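Visitor: Structure incoming, see below.
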Amino acid sequence: MPKLDSHLLAKRLVSMVCVLAAFACAATTTGPASVQEKAAMTESASPAINDSLSAQQLNDRILAWILSVNDARDLSGPNVEKRTGLDLGIKPETPNIFRGVGALPEGWRYSLSSVNNTPEQRLRAVLFKMGRAGDRYADMTPVCVGLEHYQSPLIATGFRMTEMPPRAGTEYRIFRNKMIYVRVELHGKTTPIDPNLCVYRVFVTAAAPQG
């Protein structure tokens, strides 16, 4: 029986290994591992929703939700999440305890959260706020959205505005209608005494449904 040339044998072995490797790769990409990888990518995509918005886009979403509120039922976590498109970390067993956070330019962050802390408490308010860690009166230029953003649309839909006295560098504008109370808190754009004001926090509460 003739002996196989060593070089020919090596080539055949390499070919067999490549074919086997190709089958293994195909099985891996079409099998359960692929499903797990896709699920992991889907789960990790949620926080990116919160980090992909500018301050203007974020406040647009908060305002749109406020304008949709009719009574306290619209403060529920699932409703706020649906209306804003933000990931609020809602758990099925405690849908009215939530806190969504996200990043903004130059170290700024924001949160949108329920005010109640225990499942037994009635959901009475939702709070949106922006800030920079350890810097309460930071220059708000990178995230500045003016009062007008909220004032004109709210007044146009029947809210009445009143002004509270400033306190500790914060100014307050209150908007009310029959069922809803909105408190917009503002800081000076570059310093606490800057007359150009930027929205810093928005507190929203609503009455229980009538009837």
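If you count the sequence shown from 1, you need to add 177 to reach our numbering.
Built from N, CA and C at the ideal position, the CB exists for glycine as well.
Model, not experiment: these values are computed from the prediction.
(1) If we call anything under 8 Å between Cβ atoms a contact, is Lys268 one with Ser288?
(2) Spell out a yes or no on whether the segment 364-383 and the segment 236-254 are touching, meaning 3 or more CB-CB pairs, one atom from each, closer than 8 Å.
(3) By a C-beta neighbour count over all protein chains shown, 10 Å radius and 16 as the cutoff for buried, is Asn247 buried or exposed?
(4) For Arg337, which residues in the same chain have their Cβ closer than 8 Å to its Cβ, ignoring the five residues on either side in sequence?
(5) Mapping the DSSP letters down to three states, classify Pro282 as helix, strand or coil.
(6) Beta-carbon separation of His364 and Tyr349 under 8 Å?
(7) Measure from the alpha carbon of Thr271 to the alpha carbon of each residue in Ser291, Ser229 and Tyr327, then state which is nearest.
(8) Helix, strand or coil for Val376 per DSSP?
(9) Taking the beta carbon of Gly277 as the centre, do at least 16 other beta carbons fall within 10 Å, making it buried, or is it exposed?
(10) Report yes if the C-beta distance between Tyr327 and Val303 is below 8 Å; otherwise report no.
(11) Starting from Pro343, trace the alpha helix (DSSP H) both ways and give me its first and last residue.
(12) What first and last residue would you give for the beta strand (DSSP E) that runs through Arg350?
Guide: Let me lay it out:
(1) Within the sequence shown, numbered from 1, the residue matching residue 268 stands at position 91. Within the sequence shown, numbered from 1, the residue matching residue 288 stands at position 111. Cβ distance not < 8 Å, so Lys268 and Ser288 don't count as in contact.
(2) Touching, yes, given that three or more Cβ pairs across the two stretches are closer than 8 Å.
(3) Here the question's residue 247 lines up with position 70 in the sequence shown. Exposed, because fewer than 16 other Cβ atoms sit within 10 Å of the Cβ of Asn247.
(4) Locating residue 337 in the sequence shown gives position 160, counting from the first residue. Closer than 8 Å at the Cβ level, and outside the excluded window around Arg337, lie Phe352, Arg353 and Asn354.
(5) Locating residue 282 in the sequence shown gives position 105, counting from the first residue. Residue state for Pro282 is assigned as helix, using DSSP reduced to three classes.
(6) Here residue 364 refers to the residue found at position 187 of the sequence shown. Here residue 349 refers to the residue found at position 172 of the sequence shown. Going by C-beta atoms, His364 is not nearer than 8 Å to Tyr349.
(7) Position 94 of the sequence shown, counted from the start, is the residue given in the question as residue 271. For the options Ser291, Ser229 and Tyr327, the alpha carbon positioned closest to that of Thr271 is the one of Ser291.
(8) One-based indexing of the sequence shown puts residue 376 at position 199. The three-state reading of DSSP puts Val376 in strand, counting E and B together.
(9) Within the sequence shown, the letter at position 100 stands for residue 277. Classification for Gly277: buried.
(10) Working through the sequence shown from its first residue, we reach residue 327 at position 150. Working through the sequence shown from its first residue, we reach residue 303 at position 126. The Cβ atoms of Tyr327 and Val303 lie no closer than 8 Å to each other.
(11) Walking along the sequence shown from the start, residue 343 turns up at place 166. For Pro343, there is no enclosing alpha helix (DSSP H); the enclosing beta strand (DSSP E) has its first and last residue at Arg337 to Arg344.
(12) What you label residue 350 is simply residue 173 of the sequence shown in a count that begins at 1. Unbroken beta strand (DSSP E) run through Arg350: Thr347 to Arg353.
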